[in-house]
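Asks: Under this note's numbering, the residues of the sequence shown are numbered 1 to 258, in order. Shown below is the structure under consideration.
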Amino acid sequence: MTVSFSAIQPGLKLADQVARQLEARIRAGNLQPGQKLPTEAELVQQLEVSRTVVREAVSQLKSRNLVESRQGSGVFVKAAGIEPLDFEGLPAAGRNALIQITEVRRALEAEVAEVAELAARRRSEEDMQRIHDAESALAEAVRLGRDGVEEDMAFHRAIAQASGNPFLISTLDYLSQFLRGAMRITRANEARREDFGKAVEREHHSIVLAIEAGDPKAARKAAATHMGNAIDRIHRADASFWEQDGERLARDILAAKP
């Protein structure tokens, strides 16, 4: 089966554009598992890009496990797995994009409410010590003027560990690469207002207390409340925040590669 490609339009990240076009053909079934990719020369001609761009694009496909090289034979298509999350293609930066990302985070972390509930049912003394340590480390980061993003991620991971479910922990670790940027903005906003910062601290502590008390219902409610309030605080961010840190950090999210 002959597969044709569209010429790449001038712009940034040509290799990314080529990789996406090739990946789209693979996922649509136009290029079947076991089928040989067009030669480098053919791709250069059809896509109207350089050999360097084609090579980089094919390298990206290899890293995504979509193609493989066979010595002396060429590059062949592999069976496509589940399409990975990709926040790079979001249409715009700024406040609305961040709210949308945070909504995704809340939808995904609605499962965090489930995680908190499981943690309240299953936590051990060792788990509680880890959660308390993570909470203290986050408070110390804030006191020292850091953004506390890594400490916040560690806090939520400690709760996931207390759930006793290794699949939940692995899922949280995977999602963290996409959600870290959104958390960086929410924490930057919260750091500008003392009331926001104190509210986050109280919400975290409510989750901890419910887990420690072995109260699954309260733990679920506290976690859900925390996620809902995160969006509310973004809605309430003042205009100067978006004129300064917010807009820049939001653009960083959209430009970054997980």
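Cβ coordinates follow ideal geometry from the N, Cα and C atoms, glycine included.
Look up phenylalanine 76 in the DSSP assignment and give the residues it is bridged to.
Replies: For phenylalanine 76, which the question treats as bridged, DSSP gives the partners Lys36, Glu68.
Asks: Buried or exposed: which applies to arginine 130, given that a residue is buried once 16 or more other Cβ atoms fall within 10 Å of its Cβ?
Replies: Answer is buried; the Cβ neighbour count reaches 16.
Asks: Quick one: residues in its chain with C-beta nearer than 6 Å to the C-beta of leucine 37, no 5 flanking neighbours on either side, listed in chain order?
Replies: Closer than 6 Å at Cβ, skipping near neighbours: Val75.
Asks: Within 10 angstroms of the Cβ of glutamine 71, are there 16 or more other Cβ atoms? Answer buried if so, exposed if not.
Replies: Exposed, by the Cβ-count rule.
Asks: Below 8 Å on the Cβ atoms is my guess for alanine 191 versus glutamate 203; work out the distance and round it to an integer in Å.
Replies: Wrong, their Cβ atoms sit about 15 Å apart, outside the cutoff.
Asks: Suppose contacts are defined by Cβ-Cβ distances below 8 Å. Is isoleucine 211 in contact with alanine 219 by that definition?
Replies: Going by C-beta atoms, isoleucine 211 is nearer than 8 Å to alanine 219.
Asks: Is it true that the stretch 224–234 meets the stretch 164–180, where meeting means three or more beta-carbon pairs spaced less than 8 Å apart?
Replies: As far as the Cβ criterion goes, the stretch 224–234 does not touch the stretch 164–180, which means the pair count is below three.
Asks: Starting from the C-beta of valine 54, find all residues in its chain whose C-beta is less than 6 Å away, skip the five residues before and the five after it, and write them out in chain order.
Replies: If we look at valine 54 and ignore the five residues flanking it on each side, its Cβ neighbours are Glu40, Leu43, Val44.
Asks: For glutamate 88, which three-state DSSP category applies?
Replies: Any answer about glutamate 88 is weak, because its pLDDT of 48 lies below 50 and its placement is not dependable; what the coordinates show is given next. Coil at glutamate 88, not helix or strand.
Asks: Could you tell me which of Glu56, Ala137, Ala57, Ala79 sits nearest to leucine 66, measuring between CA atoms?
Replies: Cα-wise, what sits closest to leucine 66 is Ala79.
Asks: Return the chain-ordered list of same chain residues with a C-beta closer than 6 Å to the C-beta of alanine 255, the five sequence neighbours on each side being excluded.
Replies: Caution applies to alanine 255, whose pLDDT of 48 falls short of 50 and renders its modelled position unreliable; the model cannot decide the point.
Asks: DSSP on glutamate 194, reduced to helix/strand/coil?
Replies: Correct three-state label for glutamate 194: helix.
Asks: Flag this pair as yes or no: are the beta carbons of serine 318 and leucine 209 separated by less than 8 Å?
Replies: Outside the shown range of the chain (1 to 258) lies residue 318, about which nothing can therefore be said.
Asks: Whole alpha helix (DSSP H) runs in the stretch 151–180 with 4 or more residues, listed along the chain?
Replies: Within the stretch 151–180, no complete alpha helix (DSSP H) run reaches 4 residues.
Asks: Pick from Ala188, Gly34, Leu168, Glu194: whose alpha carbon is nearest that of phenylalanine 241?
Replies: Comparing Cα positions, the closest option is Ala188.
Asks: Closer than 6 Å by C-beta to alanine 15: which residues in its own chain qualify, once you throw out the five before and the five after it? Chain order, please.
Replies: Contacts found: Val53, Glu56, Ala57.
Asks: Quick check: the Cα distance between valine 77 and glutamine 35, rounded to an integer number of angstroms?
Replies: So the alpha carbons of these two residues sit roughly 5 Å apart.
Asks: Candidates Ser59, Gly214, Thr171, Ala239: which alpha carbon is nearest arginine 123's?
Replies: The option with the nearest alpha carbon to arginine 123 is Gly214.
Asks: Skipping 5 residues on each side, what residues in its chain have a beta carbon closer than 8 Å to that of glutamate 135?
Replies: Phe155, His204, His205, Val208, listed in sequence order.
Asks: Consult DSSP for valine 142 and reduce its assignment to one of helix, strand or coil.
Replies: Of the three classes helix, strand and coil, the one that applies to valine 142 here is helix, per DSSP.
Asks: Tell me the rounded alpha-carbon separation between arginine 25 and isoleucine 169.
Replies: In a straight line, the C-alpha of arginine 25 is about 33 Å away from that of isoleucine 169.
Asks: Would you decide whether histidine 226 is buried or exposed? Buried here means 16 or more other CB atoms lie within 10 Å of its CB.
Replies: Flag for histidine 226 reads buried.
Asks: So, aspartate 152 versus methionine 183, is the Cβ gap smaller than 8 Å?
Replies: A contact, by the Cβ cut-off of 8 Å.
Asks: Would arginine 121 pass as a contact of proline 216 if the rule is Cβ separation under 8 Å?
Replies: Result yes, Cβ atoms of arginine 121 and proline 216 sit closer than 8 Å.
Asks: Between which two residues does the alpha helix (DSSP H) carrying arginine 51 extend?
Replies: Unbroken alpha helix (DSSP H) run through arginine 51: 51–63.
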